[in-house]
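Asks:
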Amino acid sequence: MAFLLGRPVQAGEGFVAPDLVTAGMPFQLRLPKGTYQINWGDGTNIVTDSQGYVSHVYRQAGSVTVEVSVTAGGISKPYPWSYDAMIIAAKPLVFLSTPGGDAISGPADNLPRALPLQGEARDVAVESREGTNELSADLWVRLDSLEGRQVLVASREEAGGFALAYEGAALSFSIVGAGVVSFPVGERIAAGKWHHVAVVYDAVPLFPFANTVRVYVDGQLAGDGRIAARHSGPLKFSGIRLGGEGVQGAMSGFALYDKVLFPLSIWDRYSALASPNKWNVSVAFPGSSRVTVVEPKILKTIDVPLDPDPAADNGPAIRSAVTAAQPGTRLRLVDATTGKPGTRFSVKSLIAGNKWAAILIEGKQDLELNGGGATLVFSQAMARYLYILKSARIAVRDLSFDIDPTYARPGLYAKILDLNRETGVVTAQLVNGRDGSPDPIIPSRASYWRWRPHDPVTLRHSEKGPAFRSDIYAEKPVPDGSGRPGVIVFKAKKKPEDKFWDELKQYVEGDNFYMINNGDFSSNAVSLDFSEDVVFERVNYYATLGMVFLSSDIRRVRVAHCVIGIPPGMTAEDRPLSAGADGYHFHLTQGDIVFENNEVTLTDDDPISIKDSMWGKLKRLDNYTLDVGAKGFTKGDPVELLTPEYESAGYKATVVRADGTKLTLSVALPATIVPGSVLMNRSHHTKNWILRGNYFHDYYGRIMLYTDYGTVVGNRVHDSLYHLGISNAYFEVAGVSRNVVTHRNLFDSTNADTANWGGNATVTVFNQITYSANSFVGGRLLLDQVSGGAMIRNAFYRKEQSPRGSSIQIKGSRNVVVSDNLQFGPGADQFLLKSDNNTNLIETRNRVVK
Numbered sequence: 005m006a007f008l009l010g011r012p013v014q015a016g017e018g019f020v021a022p023d024l025v026t027a028g029m030p031f032q033l034r035l036p037k038g039t040y041q042i043n044w045g046d047g048t049n050i051v052t053d054s055q056g057y058v059s060h061v062y063r064q065a066g067s068v069t070v071e072v073s074v075t076a077g078g079i080s081k082p083y084p085w086s087y088d089a090m091i092i093a094a095k096p097l098v099f100l101s102t103p104g105g106d107a108i109s110g111p112a113d114n115l116p117r118a119l120p121l122q123g124e125a126r127d128v129a130v131e132s133r134e135g136t137n138e139l140s141a142d143l144w145v146r147l148d149s150l151e152g153r154q155v156l157v158a159s160r161e162e163a164g165g166f167a168l169a170y171e172g173a174a175l176s177f178s179i180v181g182a183g184v185v186s187f188p189v190g191e192r193i194a195a196g197k198w199h200h201v202a203v204v205y206d207a208v209p210l211f212p213f214a215n216t217v218r219v220y221v222d223g224q225l226a227g228d229g230r231i232a233a234r235h236s237g238p239l240k241f242s243g244i245r246l247g248g249e250g251v252q253g254a255m256s257g258f259a260l261y262d263k264v265l266f267p268l269s270i271w272d273r274y275s276a277l278a279s280p281n282k283w284n285v286s287v288a289f290p291g292s293s294r295v296t297v298v299e300p301k302i303l304k305t306i307d308v309p310l311d312p313d314p315a316a317d318n319g320p321a322i323r324s325a326v327t328a329a330q331p332g333t334r335l336r337l338v339d340a341t342t343g344k345p346g347t348r349f350s351v352k353s354l355i356a357g358n359k360w361a362a363i364l365i366e367g368k369q370d371l372e373l374n375g376g377g378a379t380l381v382f383s384q385a386m387a388r389y390l391y392i393l394k395s396a397r398i399a400v401r402d403l404s405f406d407i408d409p410t411y412a413r414p415g416l417y418a419k420i421l422d423l424n425r426e427t428g429v430v431t432a433q434l435v436n437g438r439d440g441s442p443d444p445i446i447p448s449r450a451s452y453w454r455w456r457p458h459d460p461v462t463l464r465h466s467e468k469g470p471a472f473r474s475d476i477y478a479e480k481p482v483p484d485g486s487g488r489p490g491v492i493v494f495k496a497k498k499k500p501e502d503k504f505w506d507e508l509k510q511y512v513e514g515d516n517f518y519m520i521n522n523g524d525f526s527s528n529a530v531s532l533d534f535s536e537d538v539v540f541e542r543v544n545y546y547a548t549l550g551m552v553f554l555s556s557d558i559r560r561v562r563v564a565h566c567v568i569g570i571p572p573g574m575t576a577e578d579r580p581l582s583a584g585a586d587g588y589h590f591h592l593t594q595g596d597i598v599f600e601n602n603e604v605t606l607t608d609d610d611p612i613s614i615k616d617s618m619w620g621k622l623k624r625l626d627n628y629t630l631d632v633g634a635k636g637f638t639k640g641d642p643v644e645l646l647t648p649e650y651e652s653a654g655y656k657a658t659v660v661r662a663d664g665t666k667l668t669l670s671v672a673l674p675a676t677i678v679p680g681s682v683l684m685n686r687s688h689h690t691k692n693w694i695l696r697g698n699y700f701h702d703y704y705g706r707i708m709l710y711t712d713y714g715t716v717v718g719n720r721v722h723d724s725l726y727h728l729g730i731s732n733a734y735f736e737v738a739g740v741s742r743n744v745v746t747h748r749n750l751f752d753s754t755n756a757d758t759a760n761w762g763g764n765a766t767v768t769v770f771n772q773i774t775y776s777a778n779s780f781v782g783g784r785l786l787l788d789q790v791s792g793g794a795m796i797r798n799a800f801y802r803k804e805q806s807p808r809g810s811s812i813q814i815k816g817s818r819n820v821v822v823s824d825n826l827q828f829g830p831g832a833d834q835f836l837l838k839s840d841n842n843t844n845l846i847e848t849r850n851r852v853v854k
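In structure tokens, the structure reads:
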């Protein structure tokens, strides 16, 4: 539990309110008893007596600002929102809300009182951290002099400690033993004046040189860089010191977090000074509703003893225990030699036949499979590690999945040794990601499918060289037979274009460093079918040759605190991929999905996709028979015909018979089916889903969301595309995003969009889409074909290397509110919004912050 300096917010210290509400739903202000004048921001003004809270209902989506004044003795004065409550809601490790008996006035009456800095460090107690890769600190500071080095915040540790300091018109952030990065701030900080200062440290220990340091002054991004260390290492602290030798001034509201603060949240803190009684609220279109996943009712725990010998096959023991388990059972995997959980166990066999799974949970109720921290290591071709079928109230917890690397690896590194343009023969050598030395272990199972250029120093994706697929350009590589470690050869199936060979030759003469994907789509980690009320918690996927998580015909599923990545202690120097294909597929489900606090990285395709069952290649054969172009229906499925605009065409029926691609339906078809019409299978409608608090980074592919009534809040997305889409192509891109609320996310070097990939490009199909209070650092918001949208209170932090073009682009849309968006950093002097072929586009209060 975090150690918190200070006290809970008391009555009379400001009003408290959420910053997001759904149009048509009650919005509440928490206020102490008293008489208040409230301007709700939608043209409604009231004078009211509060008994603890006051409610209001907003009828239209958009951005509003609530202003509150308190009336006493016939005098009305502004009443502030609670700064303390905002900080406490962000769950800091420490918050200096009441600095002690020598406290002095802070920056303003609505902000915390200040700690005087008088030339010596002031110690602050904080819960110890052995190591964190994420750290944020924010504070109000007044420096009476700008001369010399002035340490604002520092930890006490000799190794792994950190410090934030001001010196020579610059802010610096340093890590003991790793280095320092400094950012000129010029005249942004002035002597004798209060300023809000924040620093955010974000390291990705998977990669060399993968850390980001950002500093903010008065709410604006003032520096963005990194510490030039191969591995800056996790930060450590057991105590914090504020100020130091020679520092004269004062500090207010210091808060420390073991997480990344989003840029807009830092701007909100600074706004407390200029707008103490004005609270910004996003009024959204409806998104998801509450999802409740029923936990299994557990009555007893049974230990399943497993053999830790790598040569053992623990598959039969696990399968036997699952088969025998009665409703109400928790199965806990333990080491047979110690009786304790938490080690690695080999699994070398599977259930043959149409299930092809190592572990099968079929027809079970009220069952928990608890690994106790164990990792199951597979060394045979597995169609599925775990298959849950026709079951209810199932939980899988504290379990990880891996592959024996001598058998198979999802990814490898390689350098090309020789190119023979005449014969098409390419000779390559597998190499170690740590130092580029030969990798002698050629896995027994490898497809060598995709070859992608990576930076040999950072190991991250590179744009310098040509990517290619071995199944297109070449035969499957094989060992060259020379005995040289890790050397493989392959031959082009046909002579590639000269341009490709020229680009390849140029790259080989330069960086010459490839990441190879050994993808195998016949293999995946987890399959979940025809089940309900299923929980995956702290389930980690360290290696699979194919997709990680496939699901269909399921409802009420929660995935929480799970990781797609590589084992602790390893980095991308050891393994470049965790999955040879996609991450999580929620396709053709019945909805009610909660996906929260997960990390997804090192997948070779889309980290998550949520899709429906929509069929666009329709051919009417007779009054009751329809050809849908592909298989995917069963008898009894309810179907609905949609217009080319994806609205109901007024036709609903049930499948009487499914014969391949042909459906016999219970109700006579319309005499004519309009070209572009779509048939939706209503039994596969992934409606009502929540993505909350997840971290998506360092993968190939995009976040693909193709269904309706969703909420996406508090996620971090790095170097990707966040896609709300529509298409009528089966399986790969099927469905339509509607009523999706995207709120308070960090899109770092990431664009977000609505886009039509394969559907009717002339109609507005994305109904009631809300993007609100998101932070875009080096990314843009691209909207296409939106009907009823609210693009409100988003913040765009443009950098010198930001993509060229407008911060917001809207085309082919109607009835869209674009309001109160902010743009920071380099760019034009007006808000960058590009509009093309829109109807009733409402633009208000969008501005550039200088």
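Here the numbering used here is used: the first residue of the sequence shown is 5, the next is one more, and so on.
For every residue, glycine included, the Cβ atom is placed at its ideal position computed from N, Cα and C.
When burial is assigned at 16 or more other CB atoms within 10 Å of the CB, is residue 469 buried or exposed?
Replies: The residue in question, residue 469, is buried, as its Cβ has 16 or more Cβ neighbours within 10 Å.
Asks: Do the region 771-791 and the region 741-756 touch if we need at least three Cβ pairs shorter than 8 angstroms?
Replies: As far as the Cβ criterion goes, the region 771-791 touches the region 741-756, which means the pair count is three or higher.
Asks: Is residue 16 buried or exposed, if buried means 16 or more other CB atoms sit within 10 Å of its CB?
Replies: Interpretation of residue 16 is limited by its pLDDT of 39, a score under 50 that renders its predicted location unreliable; the figure taken from the coordinates is listed afterwards. With fewer than 16 other Cβ atoms within 10 Å, it is exposed.
Asks: Indicate whether residue 182 and residue 233 have their beta-carbon atoms separated by less than 7 angstroms.
Replies: Closer than 7 angstroms, so yes.
Asks: For the candidate residues 374, 328, 200, whose alpha-carbon lies nearest to that of residue 366?
Replies: Residue 328 is the option with its Cα nearest to residue 366.
Asks: Strictly by DSSP, which residues pair up with residue 304?
Replies: Answer by DSSP bridge pairing, in chain order: 333.
Asks: Going straight from the alpha carbon of residue 647 to that of residue 791, what length do you get?
Replies: Approximately 16 angstroms, taken between the alpha carbons.
Asks: Below 8 angstroms on the Cβ atoms is my contact criterion, and I expect residue 568 with residue 605 to pass it. Report the Cβ-Cβ distance as a whole number of Å.
Replies: Their Cβ separation, rounded to whole angstroms, is 6 angstroms, which keeps residue 568 and residue 605 in contact under 8 angstroms.
Asks: Counting only runs of 4+ residues fully inside the region 84-133, write out the alpha helix (DSSP H) ranges in chain order.
Replies: Runs found: 87-93.
Asks: Using three-state DSSP, classify residue 508 as helix, strand or coil.
Replies: Helix, per DSSP.
Asks: Excluding the five sequence neighbours on either side, which residues of its own chain have a C-beta within less than 6 angstroms of the C-beta of residue 456, listed in chain order?
Replies: Result list for residue 456: 471, 519, in chain order.
Asks: I'd like to check one pair, residue 434 with residue 422: are the Cβ atoms closer than 7 angstroms?
Replies: Taking 7 angstroms as the Cβ cut-off, residue 422 and residue 434 do not qualify as a contacting pair.
Asks: Under the rule that 16 or more other beta-carbon atoms within 10 Å means buried, what is residue 266, buried or exposed?
Replies: So residue 266 counts as buried.
Asks: Going by alpha carbons, who is nearest to residue 356 out of 129, 386, 537?
Replies: Per the Cα distances, 386.
Asks: In chain order, what residues of the same chain have a beta carbon less than 7 angstroms from the beta carbon of residue 849, not counting five sequence neighbours either side?
Replies: Once the five neighbours on either side are set aside, the close Cβ partners of residue 849 are 823, 824.
Asks: Rounding to the nearest angstrom, what Cα-Cα distance links residue 512 and residue 505 in this structure?
Replies: So the alpha carbons of these two residues sit roughly 10 angstroms apart.
Asks: Have a look at 151, 150, 152, 169 and flag the residue whose alpha-carbon is nearest the alpha-carbon of residue 159.
Replies: Taking only the C-alpha atoms, the option nearest residue 159 is 169.
Asks: Which residues does DSSP list as the beta-bridge partners of residue 532?
Replies: According to DSSP, which records beta bridges pairwise, residue 532 is partnered with 392, 555.
Asks: Taking only runs of the alpha helix (DSSP H) that begin and end inside the region 450-478, which ones reach a length of at least 4 residues, in chain order?
Replies: Fully enclosed alpha helix (DSSP H) runs of 4 or longer: 474-477.
Asks: Round the Cβ separation of residue 428 and residue 496 to the nearest angstrom and send it over; I've been treating them as touching at under 8 angstroms.
Replies: 3 angstroms between Cβ atoms; contact.
Asks: Relative to the C-alpha of residue 304, which residue among 331, 682, 154, 39 is closest?
Replies: Residue 331 is the option with its Cα nearest to residue 304.
Asks: From the DSSP output, in three-state form, read off residue 277 for me.
Replies: It is helical.
Asks: Relative to the C-alpha of residue 290, which candidate in 554, 775, 340, 148 has its C-alpha closest?
Replies: For the residues 554, 775, 340, 148, the minimum Cα distance to residue 290 belongs to 775.
Asks: Secondary structure at residue 503, three-state DSSP: helix, strand or coil?
Replies: In this structure, residue 503 counts as helix in the three-state DSSP scheme.
Asks: For the beta strand (DSSP E) containing residue 643, name the first residue and the last one.
Replies: 642-646 is the extent of the beta strand (DSSP E) around residue 643.
Asks: Taking residue 597 as the reference, give the member of 614, 583, 607, 603 with the closest Cα.
Replies: Taking only the C-alpha atoms, the option nearest residue 597 is 614.
Asks: Assuming residue 521 and residue 550 form a contact by the criterion Cβ under 8 angstroms, report the distance between their Cβ atoms to the nearest whole angstrom.
Replies: Rounded, the Cβ-Cβ distance is 11 angstroms, inconsistent with contact.
Asks: Would the beta-carbon of residue 336 fall within 7 angstroms of that of residue 374?
Replies: Yes, these two residues count as a Cβ contact at 7 angstroms.
Asks: Counting only the same chain and skipping the five closest in sequence on each side, list residues whose C-beta sits under 7 angstroms from that of residue 178.
Replies: Closer than 7 angstroms at the Cβ level, and outside the excluded window around residue 178, lie 166, 167, 184.
Asks: Check residue 272 in the structure and name its three-state DSSP category.
Replies: Note: residue 272 maps to helix in three-state DSSP.
Asks: Hey, out of 377, 486, 570, whose CA is closest to residue 541's CA?
Replies: When each option's Cα is compared against that of residue 541, the closest is 377.
Asks: Spatial neighbours of residue 650 within its chain, please: CB distance less than 6 angstroms, with the 5 preceding and 5 following residues excluded, ordered by chain position.
Replies: These residues qualify, in order along the chain: 740, 769.
Asks: For the region 27-35 against the region 59-76, are there 3 or more C-beta pairs whose distance is under 8 angstroms?
Replies: A contact exists between the region 27-35 and the region 59-76.
Asks: Below 7 angstroms between beta carbons: does that hold for residue 264 and residue 313?
Replies: The answer is no: Cβ separation not under 7 angstroms.
Asks: What residue range is occupied by the uninterrupted alpha helix (DSSP H) comprising residue 446?
Replies: No alpha helix (DSSP H) contains residue 446, which DSSP labels as neither H nor E.
Asks: Need the endpoints of the alpha helix (DSSP H) that residue 325 sits in, please.
Replies: Per DSSP, residue 325 belongs to the alpha helix (DSSP H) from 319-328.
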